[in-house]
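For the sequence shown, position 244 (counting from the first letter as 1) is numbered 244 according to the working numbering, and the numbering increases by one without interruption. Ideal Cβ positions, reconstructed from N, Cα and C, are used throughout, including at glycine.
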Amino acid sequence: MMRMTVWLAAAGMALWATGTAAQQGAPFAPRLIVNESAVTNFEIDQRLRFLTILGAPAEMRNNVLQILTDERLQMQAAKRLGVVPDEEAVRSGMEEFASRANMTPEQLVTALGQQGIAPETFRDFVASGIAWRQVVRSRFGPRLQITEAEIDRAIARAAEGGPRTIAVEYARFTMPGKTRADAERVRAGVDTCDDLFGEALDAPQDRLIRETRAVADLPADIAGQIGRLDAGESTLALSTPQAAVLLMVCGRTPALGDAEVDRGQIRQQLQNQRLVSYADSYLAELRADAIIREP
Numbered sequence: 001m002m003r004m005t006v007w008l009a010a011a012g013m014a015l016w017a018t019g020t021a022a023q024q025g026a027p028f029a030p031r032l033i034v035n036e037s038a039v040t041n042f043e044i045d046q047r048l049r050f051l052t053i054l055g056a057p058a059e060m061r062n063n064v065l066q067i068l069t070d071e072r073l074q075m076q077a078a079k080r081l082g083v084v085p086d087e088e089a090v091r092s093g094m095e096e097f098a099s100r101a102n103m104t105p106e107q108l109v110t111a112l113g114q115q116g117i118a119p120e121t122f123r124d125f126v127a128s129g130i131a132w133r134q135v136v137r138s139r140f141g142p143r144l145q146i147t148e149a150e151i152d153r154a155i156a157r158a159a160e161g162g163p164r165t166i167a168v169e170y171a172r173f174t175m176p177g178k179t180r181a182d183a184e185r186v187r188a189g190v191d192t193c194d195d196l197f198g199e200a201l202d203a204p205q206d207r208l209i210r211e212t213r214a215v216a217d218l219p220a221d222i223a224g225q226i227g228r229l230d231a232g233e234s235t236l237a238l239s240t241p242q243a244a245v246l247l248m249v250c251g252r253t254p255a256l257g258d259a260e261v262d263r264g265q266i267r268q269q270l271q272n273q274r275l276v277s278y279a280d281s282y283l284a285e286l287r288a289d290a291i292i293r294e295p
């Protein structure tokens, strides 16, 4: 999703910077037309609010127009294939998502509403993800089969580099104007990174960022602390006089072939890698064939 064509990335930035006064003042005015389907100012504002609440990285928030454009193409592909997520699947997806904040979907919708986010924004976010996964599996399902020989080769390749962690998922919760004592109280009330989502909803002035990065790409200050933590552990070492900072490790992705990874896990990793590759390639085809224009 984040691999953008040069034209569309430039168009997105230009539209953000130079939108007409009429567009800026009309919530439902179109910002971009994707195969005759409009992406409106309202949708952009809603998704930005939603991503901010989720603690999405700046790269994703800065490219919200690209994300919504891709979703238009994905949903159009789903419509052509007759893929429509049923209510049970959407409800299940909403329940799974809300559970990360120890909430029901109704509680999460209420909390999001207090931040100006419409219920449809949450539902559409979940439904579009389900639909796209169904599209990709429908088109490429037979190619996702992983053979035992492929698993053996993956283990052999990984063994050459020795046991290691290739990526870390972490959460950084910044609380401006708060003391370490305040942060300790938050820390005492959370057991997992998912619990921080609820804290962020209760305190919109605070800032939650949750992301997964390759170990080699971690910022130096975060890398220095994460190396001392196991999954579920946290530290306040990054706090400053201006803001308390709670850093928590959510999980680590081991390299294929590490002792703790069994063949079933390796198979799943290889399937996921292949699924992402097929999805990216198909989305690139949809972009290339699309007619995308300013209104």
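Counted within 10 angstroms of its Cβ, other Cβ atoms place residue i as buried (16 or more) or exposed
i           : result
residue 295 : exposed
residue 44  : buried
residue 206 : buried
residue 90  : buried
residue 135 : buried
residue 122 : buried
residue 273 : exposed
residue 64  : buried
residue 47  : buried
residue 162 : Note on residue 162: pLDDT 49, under 50, position unreliable in the model; no value is reported.
residue 55  : buried
residue 106 : exposed
residue 285 : exposed
residue 22  : Confidence is the limiting factor: at residue 22 the pLDDT is only 34, short of 50, which leaves the residue's position unreliable, though a coordinate-based value still follows. Classification for residue 22: exposed.
residue 242 : exposed
residue 39  : buried
residue 28  : exposed
residue 245 : buried
residue 276 : exposed
residue 210 : buried
residue 69  : buried
residue 287 : buried
residue 239 : buried
residue 111 : buried
residue 200 : buried
residue 127 : buried
residue 259 : At residue 259 the pLDDT is 48, less than 50, meaning the model places this residue with poor confidence; the figure from the coordinates comes in the next sentence. Flag for residue 259 reads exposed.
residue 77  : buried
residue 58  : exposed
residue 220 : exposed
residue 8   : Annotation note: pLDDT 27 at residue 8 (below 50); position unreliable, coordinate value reported separately. Buried, by the Cβ-count rule.
Beta-bridge pairing of residue i - partner residues as DSSP gives them
i           : result
residue 37  : 34
residue 208 : 173
residue 234 : 248
residue 168 : 213 and 252
residue 292 : 34
residue 243 : 176
Rounded distance between the beta-carbons of residue j and residue i, thought under 8 Å
i           : j           : result
residue 225 : residue 247 : 6 Å
residue 49  : residue 115 : 6 Å
residue 132 : residue 74  : 4 Å
residue 37  : residue 61  : Contact flag wrong, Cβ pair sits at about 23 Å.
residue 118 : residue 108 : The pair is not a contact, with the Cβ atoms about 13 Å apart (cut-off 8 Å).
residue 101 : residue 197 : 4 Å
residue 177 : residue 130 : Not quite, the Cβ-Cβ distance comes to about 40 Å (not below 8 Å), so this is no contact.
residue 140 : residue 278 : 4 Å
Discussion item. For the region 166-184 against the region 220-235, do three or more pairs of beta-carbon atoms, one drawn from each stretch, fall closer than 8 Å, so that the two count as touching?
Written reply: yes
Discussion item. Does the region 28-40 come into contact with the region 282-295, if we say contact requires no fewer than three beta-carbon pairs (one atom in each stretch) closer than 8 Å?
Written reply: yes
Practice prompt. Count the C-beta pairs between the region 262-278 and the region 181-189 that are closer than 8 Å, then say yes if the count reaches three, no if not.
Written response: no
Discussion item. Check whether the region 174-182 and the region 76-95 touch, using three or more Cβ-Cβ pairs below 8 Å as the test.
Written reply: no
Discussion item. As an exercise, report each continuous beta strand (DSSP E) stretch of at least 3 residues that is fully enclosed by the region 84-124, in chain order.
Written reply: none
Worksheet item: Where are the alpha helix (DSSP H) runs, 4 residues long or more, that stay fully inside the region 40-90, in chain order?
Response: 41-54, 58-62 and 64-81
Discussion item. Three or more C-beta pairs under 8 Å: does that hold for the region 88-108 against the region 146-155?
Written reply: no
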